[in-house]
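Comments concern the structure below.
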Amino acid sequence: MQIITYDEEEILMKYNIFNCKIFTAFSAAIITFYSSVHFLPCKNSNVFAKENNLYVGYSNISESYSTVQSAVDAAERINPSSESERIIIHIAPGTYREQINVNTPYISFVNDTPSQEVLLTWYYGIGYKYYSVGSSRNYNASAAASKSSKAEPIKRWGYAVGLSSKANNFRAENITFENSFNRYVTDEEIADGVEIAGSQSITFERKKGSDVKSKAATERAAAISIESANCEFYDCEFLGSQDTLYTGGSQGYFKNCFIQGNTDYIFGTGKYIFDNCELNFGGYSSNSVGGYITANRGNGGYLFYNCEITANSTLTVNPGYFGRPWGDADVAFVNTKLQSEDIIKPVGWCSMSGREPEDADYKEYNTTVNGNPVNTSARTANTVKYSENGLTPKDYFGSWVPFYYNYTPSDKPNEEYNKSYILDAGNIETGTYSSPIKINDVFTITASEEKTVSITAENIVSDDNKHNLNGLIRLGGGGSPKYRSIQINAPKKGRLNIYMMSSNTENPRTVNLLDDYGNVISSIENVTGSSLKKYEFSISSSGTYYITSSSSGLNVGCIDFQTDSTQITGDINSDDVIDCFDLTALRYRSVNTHVQSKNNEISADLNNDGFTDSSDLIIMQDYIIRKID
Numbered sequence: 067m068q069i070i071t072y073d074e075e076e077i078l079m080k081y082n083i084f085n086c087k088i089f090t091a092f093s094a095a096i097i098t099f100y101s102s103v104h105f106l107p108c109k110n111s112n113v114f115a116k117e118n119n120l121y122v123g124y125s126n127i128s129e130s131y132s133t134v135q136s137a138v139d140a141a142e143r144i145n146p147s148s149e150s151e152r153i154i155i156h157i158a159p160g161t162y163r164e165q166i167n168v169n170t171p172y173i174s175f176v177n178d179t180p181s182q183e184v185l186l187t188w189y190y191g192i193g194y195k196y197y198s199v200g201s202s203r204n205y206n207a208s209a210a211a212s213k214s215s216k217a218e219p220i221k222r223w224g225y226a227v228g229l230s231s232k233a234n235n236f237r238a239e240n241i242t243f244e245n246s247f248n249r250y251v252t253d254e255e256i257a258d259g260v261e262i263a264g265s266q267s268i269t270f271e272r273k274k275g276s277d278v279k280s281k282a283a284t285e286r287a288a289a290i291s292i293e294s295a296n297c298e299f300y301d302c303e304f305l306g307s308q309d310t311l312y313t314g315g316s317q318g319y320f321k322n323c324f325i326q327g328n329t330d331y332i333f334g335t336g337k338y339i340f341d342n343c344e345l346n347f348g349g350y351s352s353n354s355v356g357g358y359i360t361a362n363r364g365n366g367g368y369l370f371y372n373c374e375i376t377a378n379s380t381l382t383v384n385p386g387y388f389g390r391p392w393g394d395a396d397v398a399f400v401n402t403k404l405q406s407e408d409i410i411k412p413v414g415w416c417s418m419s420g421r422e423p424e425d426a427d428y429k430e431y432n433t434t435v436n437g438n439p440v441n442t443s444a445r446t447a448n449t450v451k452y453s454e455n456g457l458t459p460k461d462y463f464g465s466w467v468p469f470y471y472n473y474t475p476s477d478k479p480n481e482e483y484n485k486s487y488i489l490d491a492g493n494i495e496t497g498t499y500s501s502p503i504k505i506n507d508v509f510t511i512t513a514s515e516e517k518t519v520s521i522t523a524e525n526i527v528s529d530d531n532k533h534n535l536n537g538l539i540r541l542g543g544g545g546s547p548k549y550r551s552i553q554i555n556a557p558k559k560g561r562l563n564i565y566m567m568s569s570n571t572e573n574p575r576t577v578n579l580l581d582d583y584g585n586v587i588s589s590i591e592n593v594t595g596s597s598l599k600k601y602e603f604s605i606s607s608s609g610t611y612y613i614t615s616s617s618s619g620l621n622v623g624c625i626d627f628q629t630d631s632t633q634i635t636g637d638i639n640s641d642d643v644i645d646c647f648d649l650t651a652l653r654y655r656s657v658n659t660h661v662q663s664k665n666n667e668i669s670a671d672l673n674n675d676g677f678t679d680s681s682d683l684i685i686m687q688d689y690i691i692r693k694i695d
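Residue numbers for the sequence shown follow the working numbering, beginning at 67 and rising by one.
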């Protein structure tokens, strides 16, 4: 077992813990106890273990899945049943053309690199049949492979992502959900044998290059179908034309989202809040008509709060409507900003299938354009309100407080999940070194008077053609923590990707990963000298490690240390250990209501109530006392 010692008084003073009345007595007791006992609390506690992270599309993570659905299936096997067991599926930037079905609660889709798009897209639409549609009327891999028959997707017109009634408490962050049906025709759709099904009055033939953005081609095709409760979306995009976003669960929350479509592009039932979202009329390439933002059927109603209504500048957009009643509609637009006053027709609302807007529960308050009130004199009777009383998100939430309601993401969220530290020999001054060379906070090259290390200028390409390197670290022989090694001060667990080669083309080397005491943790054998190849070591926790050759010369071109995104609840300072540092840091967090990152925020909320307060402090205190060795 690892033994950790602390300067207790320094720690307590650093975080001003003496000023906290709750911990005054506890601090004195624990200082006395620390003076005779050194400890490491158990990291495998069910309360604090937060290892449920899955990855999709990450080339540098060996356990990464190639499709989102395969990660979702893995999450289903884990079977989370509470917030503390939430599965976070980290999806690397890229396009994922697959139909995704989620049937498991407490799952999150997260894009750790918001500056790059994660696009979840599919091409099914109503009125057409495909080889890949199985008996469930969803995508079926066996049917896709056999191509023995074709079927029409029925449920929600072949959605790209479907959240079943079992997928409660789903979350998504920085994800784009798209149905490409009315946007473009893909090669995959053509290969899937797309053909008019004959069940609808549809005559438009889909071919590669067909103008599917025309009004004549437009049909129902959902980007997402939601039948789950308490789902949430933050900074996401939803792209389609008719019936883009279906709501069928009891309630949900959208924050800072972009939703595009033309006809009934937000439709369904349930209580859903759209907070600070952009609602965009996508328009048509030809035969443009006015569209409808909503087609609601009641059962809670839609609230659009502080939203903006815009029009796509690349296609033709005619004035449209806030919505039309699909049933007992209940829709409110509060503090809405219009791109132009004529983007919404003067009447505001429209009829549908014999239902008149006067019979619906439609509400509008404080609609503006360029900061000025919009003329609402021609609006449907009794829809314009003179107060937002009863029309705020909190009025709609009830007892539920969405996770994203008060959420502030990290300024650099990617660094929180997969931060990379680089050692590149080409950036080091050439020469022979007889003392350590500190490269950055993570990497140091060790050397001594007797056993030197050389840096040489080179022009060499790695065997995977990913790196054009301008130098080599020539360790010169077997090493130890004191010489001829590369020291890694790992801030947390992760992976070392090393481009290296033997100094002799005929004699391969064995390369060791050492701990701080010089013990071999793991080894890579048969490192050849023909070319710079990529090798990988796993770092299991924060600490100091060394890369050495077991005996003879080793040349290193570059090293990339990629931190792991795994987060342990209770590990406030992200050092992969739950200890008194975390106790004091938690006290500081609760008093100052400040946190460094999203991960720290998650770690600090020990009881998963959405807040960091004295309740979390008590949990941590009890945990520390119980786990002292």
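Glycine included, each C-beta is placed from N, C-alpha and C at the ideal position.
Note that the structure is a prediction, hence the values are computed from the model and not measured.
- [ ] Please state whether DSSP places W223 in a helix, a strand or coil.
- [x] Under the three-state reduction of DSSP, W223 is assigned to helix.
TODO: Would you grab the beta carbon distance between I155 and I144 for me? Rounded to a whole angstrom, and I think it's under 8 angstroms.
DONE: About 11 angstroms separates the two Cβ atoms, so there is no contact after all.
Task: E298 burial status per 10 Å Cβ neighbour count (16 or more: buried) - done: Using a 10 angstroms sphere on the CB of E298, the tally of other CB atoms reaches 16 or more, which defines it as buried.
Task: Whole-angstrom distance between N126 and E516, CA atom to CA atom - done: Rounded to whole angstroms, E516 to N126 spans 37 angstroms at the Cα level.
Task: Whole-angstrom C-beta distance between Y190 and E239, which should lie under 8 angstroms - done: Not really, about 25 angstroms apart at Cβ, beyond 8 angstroms.
Task: When G367, S354, N372, S352 are compared against L345, the one with the closest alpha-carbon - done: Measuring from the Cα of L345, the nearest candidate turns out to be N372.
Open item on the list: Report the CB separation of V728 from G228 in whole angstroms; it is logged as a contact under 8 angstroms.
Closed with: This structure cannot settle anything about residue 728, because the visible part of the chain is limited to 67 through 695.
TODO: Could you tell me which residues DSSP pairs with C624 in its beta bridges?
DONE: When beta bridges are read from the DSSP output, C624 appears opposite D490, Y565.
TODO: Please go through the same chain and pick out, in chain order, the residues whose beta-carbon is closer than 6 angstroms to the beta-carbon of N110, but skip the five residues on each side of it.
DONE: For N110, the pLDDT reaches just 30, beneath the cut-off of 50, and the residue's location in the model is therefore unreliable, although a value from the coordinates is still provided. Here the set comprises nothing.
Open item on the list: Measuring straight from C-alpha to C-alpha, what distance separates D178 and G160?
Closed with: Approximately 12 angstroms, taken between the alpha carbons.
Task: Any 3 or more C-beta pairs closer than 8 angstroms across the segment 580-587 and the segment 498-510 - done: Touching, no, given that fewer than three Cβ pairs across the two stretches are closer than 8 angstroms.
Open item on the list: Taking the alpha-carbon of S417 as reference, which of T434, F388, T442 has the nearest alpha-carbon?
Closed with: Per the Cα distances, F388.
Open item on the list: If you reduce the DSSP assignment to three classes, tell me which class L381 lands in.
Closed with: In the structure shown, L381 adopts coil according to DSSP, grouped into three states.
Task: Own chain residues within Cβ distance below 7 angstroms of S500, not counting five before or after - done: Hits under 7 angstroms: A513, S514, E515, T518.
Open item on the list: Helix, strand or coil, according to DSSP, for P412 in the structure here?
Closed with: Reduced to three states, the DSSP call for P412 is coil.
- [ ] Report buried or exposed for D258, applying the criterion of at least 16 other Cβ atoms within 10 angstroms of its Cβ.
- [x] So D258 ends up on the buried side.
Task: DSSP bridge partner residues for Y699 (one or two, in chain order) - done: Given that the chain is displayed from residue 67 to residue 695, the structure contains no residue 699 and the question cannot be resolved.
TODO: Please confirm whether M566 and S597 have their CB atoms less than 8 angstroms apart.
DONE: Contact: no.
TODO: Mind checking which residues open and close the alpha helix (DSSP H) that includes A137?
DONE: Taken as a continuous stretch (DSSP letters only), the alpha helix (DSSP H) holding A137 covers 134-144.
Open item on the list: Once DSSP output is grouped into helix, strand and coil, what is the label at E344?
Closed with: Strand.
Task: Those runs of the beta strand (DSSP E) which lie wholly inside the segment 276-318 and span at least 3 residues - done: You should have 290-292, 297-300, 303-305, 311-313.
- [ ] Leaving out five residues on either side along the sequence, give the residues of the same chain with a beta carbon under 8 angstroms from the beta carbon of K281.
- [x] Result list for K281: Y350, S352, N353, S354, V355, in chain order.
TODO: Report yes if the C-beta distance between G619 and N578 is below 8 angstroms; otherwise report no.
DONE: No Cβ-Cβ contact shorter than 8 angstroms links G619 with N578.
Task: For K559 and L538, the rounded distance between their alpha carbons - done: One alpha carbon belongs to L538, the other to K559, and they sit about 26 angstroms apart.
Open item on the list: Only counting the same chain, and skipping five residues up and downstream in sequence, which positions put a Cβ closer than 6 angstroms to that of Y121?
Closed with: So the list reads I127, S130, H156, once near-sequence residues are dropped.
TODO: Pick out the complete beta strand (DSSP E) segments inside the segment 424-451, 3 residues or longer, and give them in chain order.
DONE: With a minimum length of 3 residues, the continuous beta strand (DSSP E) runs that stay inside the segment 424-451 are 427-431.
Open item on the list: If distances are taken between C-alpha atoms only, which option among G306, K274, S294 comes closest to E285?
Closed with: That would be G306, whose Cα lies nearest to the Cα of E285.
Task: For L120, the residue or residues it bridges with in DSSP - done: For L120, which the question treats as bridged, DSSP gives the partners I155.
Task: Limits of the beta strand (DSSP E) - the one that Y601 falls within - done: Where Y601 is concerned, the enclosing beta strand (DSSP E) stretches over 599-605.
Task: Exposure label - E430; buried when at least 16 CB within 10 Å - done: Only buried fits E430, as 16 or more other CB atoms lie within 10 angstroms of its CB.
Task: Buried versus exposed call for V397 [16 or more other C-beta atoms within 10 Å across all chains shown] - done: That one is buried.
TODO: Tell me, to the nearest whole angstrom, how far the beta carbon of L381 is from that of G348; I am working on the premise that it is less than 8 angstroms.
DONE: Approximately 7 angstroms separates the beta-carbon atoms of L381 and G348; this is inside 8 angstroms, confirming the contact.
TODO: Could you tell me the distance, in whole angstroms, from the CA atom of Y319 to the CA atom of Q405?
DONE: Just so you know, the alpha carbons of Y319 and Q405 end up roughly 24 angstroms apart.
Task: Endpoints, the beta strand (DSSP E) within which D529 is located - done: Taken as a continuous stretch (DSSP letters only), D529 belongs to no beta strand (DSSP E), as it is neither H nor E.
Open item on the list: On the DSSP letters alone, give me the boundaries of the alpha helix (DSSP H) that E254 sits inside.
Closed with: Going by DSSP, E254 is part of the alpha helix (DSSP H) stretching over 253-257.
Open item on the list: Looking at the strands, I want to know which residues DSSP matches up with P391.
Closed with: Bridge partners of P391: N362.
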